[in-house]
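**Q** Residue numbers (full-length UniProt numbering): 1 to 312.
Let me begin by handing over the structure; questions about it come next.
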Amino acid sequence: MTQTTVAALQIGSLPSGKAATLDLILSYEAAIIEAGTTLVVLPEAVLGGYPKGEIFGTRLGYRLPEGRDAFAAYFANAIDVPGPETEALTGLSARTGATLVVGVIERDGSSLYCSALFLDPEQGLIGKHRKLMPTGTERLIWAQGDGSTLTTVDTQAGTVGAAICWENHMPLLRTAMYAKGVEIWCAPTVDERDVWQASMRHIAHEGRCFVVSACQIQPSPAELGIEVPDWENNRPLIRGGSLIVGPLGDVLAGPMREQSGLLTAKVDTAQLVQARYDFDVVGHYSRPDVFELTVDERPKRGVRFINGDNGQ
């Protein structure tokens with residue numbers, strides 16, 4: 001299949017927690033089927049939440065007890081991979097016939113990762129990508145991924161990979177993913193700014209690939225009944241801005257602002273050869289005699305046990 005319909009599902013995490021948010025995701029089953037989509041991308045951290053404005057009681061050099069309580073609550077709202085939430089998402093993928101790329105907060109031991117999960121209609125959970133570099137104070141609450149989850153998967157829509165939010169600004173990461181043959185670049189995010197739209201168009205044009213960016217939406221502090229320091233009380237915390245871009249940087253759908261919904265566009269991966277005729281970033285335009293990128297995809301574990309039997 002070269003021609004297909006892809007989608008970004010623009011929704012936000014619900015304040016009541018992951019169970020309610022999962023129900024919200026599942027409620028789009030009929031819409032996904034009606035749209036005939038073969039790929040649906042969901043926003044960054046939609047399952048688990050993006051606590052915009054939270055500081056987790058941390059100041060340089062010390063941490064307050066209430067911050068530890070806030071982190072414990074956030075940890076409880078994260079998901080296990082695999083776990084009951086991934087089982088539910090696998091069911092949604094199977095019933096709709098669509099591959100899902102879902103932004104989650106993943107628990108592993110006592111650490112959290114901002115991850116993108118890949119769920120296939122026939123095989124279920126087929127891969128994940130962990131955000132390599134959390135941005136700014138995200139590093140207080142999220143661990144760093146390693147090269148072992150620079151994941152691409154072959155789907156009915158095409159070869160799919162993901163970069164999460166500001167990872168998309170990392171030139172070497174982009175180069176590595178281009179070299180893996182990504183045809184449809186998935187960009188779960190919470191970046192609502194206009195410059196994000198420019199970044200998505202640039203990546204599509206640079207990589208000569210289709211880009212599907214799914215952004216969360218979040219109400220204003222006034223609507224949520226909370227106070228967020230240095231934020232306008234009536235301004236939405238996240239306005240959305242999901243969009244779909246073609247391989248020459250042309251916007252095919254969106255950006256969608258300040259509303260929930262399924263944003264769709266028809267794509268044809270057969271166009272990628274034509275698009276790369278004059279610019280193949282990891283092919284004829286790469287100049288390997290001058291530049292070379294080495295990517296370490298080995299898992300980097302903090303503890304490795306070696307025994308005398310098998311040397312592992």
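Note that beta-carbon positions come from the ideal geometry of N, C-alpha and C, so glycine has one too.
Could I get the ranges of all uninterrupted beta strand (DSSP E) runs contained in the segment 20 to 50, with 3 residues as the minimum, in chain order?
**A** 39 to 41, all fully within the segment 20 to 50.
**Q** Measuring alpha carbon to alpha carbon, tell me which of D278, P65, M200, Y277 ends up nearest G246.
**A** Among D278, P65, M200, Y277, the Cα nearest to that of G246 is on M200.
**Q** Does the beta-carbon distance from Q218 to L237 come in below 8 Å?
**A** Result yes, Cβ atoms of Q218 and L237 sit closer than 8 Å.
**Q** Which term fits G61, buried or exposed, when burial requires 16 or more other beta carbons within 10 angstroms of its beta carbon?
**A** G61 comes out exposed.
**Q** How many Å lie between residue 352 and G145 at the Cα?
**A** No answer is possible for residue 352: the residues shown for the chain start at 1 and end at 312.
**Q** Just curious, the beta strand (DSSP E) that P255 is in, first and last residue?
**A** Here the beta strand (DSSP E) through P255 covers 251 to 257.
**Q** Who are the Cβ neighbours of K180 in its own chain at under 8 Å, not counting the five residues just before and after it?
**A** Around K180: L150, T152, T159, G161.
**Q** Run through DSSP, which three-state label would I141 get?
**A** In the structure shown, I141 sits in coil (DSSP, three-state: anything other than H, G, I, E or B).
**Q** In chain order, what residues of the same chain lie with their CB nearer than 7 Å to the CB of N233, ignoring the 5 residues before and after it?
**A** Excluding positions up to five away in sequence, the list reads S220, P221, A222.
**Q** Near R63, what residues of its chain come up, given a Cβ to Cβ distance below 7 Å and the 5 sequence neighbours on each side ignored?
**A** Closer than 7 Å at Cβ, skipping near neighbours: G57.
**Q** Have a look at F118 and K128 and give me their C-alpha separation to the nearest angstrom.
**A** Between F118 and K128, the C-alpha separation is close to 6 Å.
**Q** What does the alpha-carbon distance come out to for the pair A88 and A8?
**A** Whole-angstrom Cα-Cα distance: 19 Å.
**Q** I need the boundaries of the alpha helix (DSSP H) containing V195, first residue and last residue.
**A** 194 to 207 is the extent of the alpha helix (DSSP H) around V195.
**Q** Give the straight-line distance between the Cα atoms of R235 and D250, rounded to the nearest whole angstrom.
**A** Approximately 29 Å, taken between the alpha carbons.
**Q** Could you tell me whether the segment 81 to 99 touches the segment 180 to 190, where touching means 3 or more Cβ pairs closer than 8 Å?
**A** No: fewer than three Cβ pairs fall under 8 Å.
**Q** Drop a sphere of 10 angstroms on the beta-carbon of Y277, count the other beta-carbons inside from all chains shown, and report buried for 16 or more, exposed for fewer.
**A** Result: exposed.
**Q** Per DSSP, which residues does P15 bridge with? Please list them.
**A** BP columns for P15 are empty, so no partner.
**Q** Can you tell me whether G53 is buried or exposed? The criterion is at least 16 other CB atoms within 10 Å of its CB, across all chains shown.
**A** Exposed: under 16 other Cβ atoms inside 10 Å.
**Q** To the nearest angstrom, report how far apart R304 and R298 are at their CA atoms.
**A** When rounded, the distance between both Cα atoms is 13 Å.
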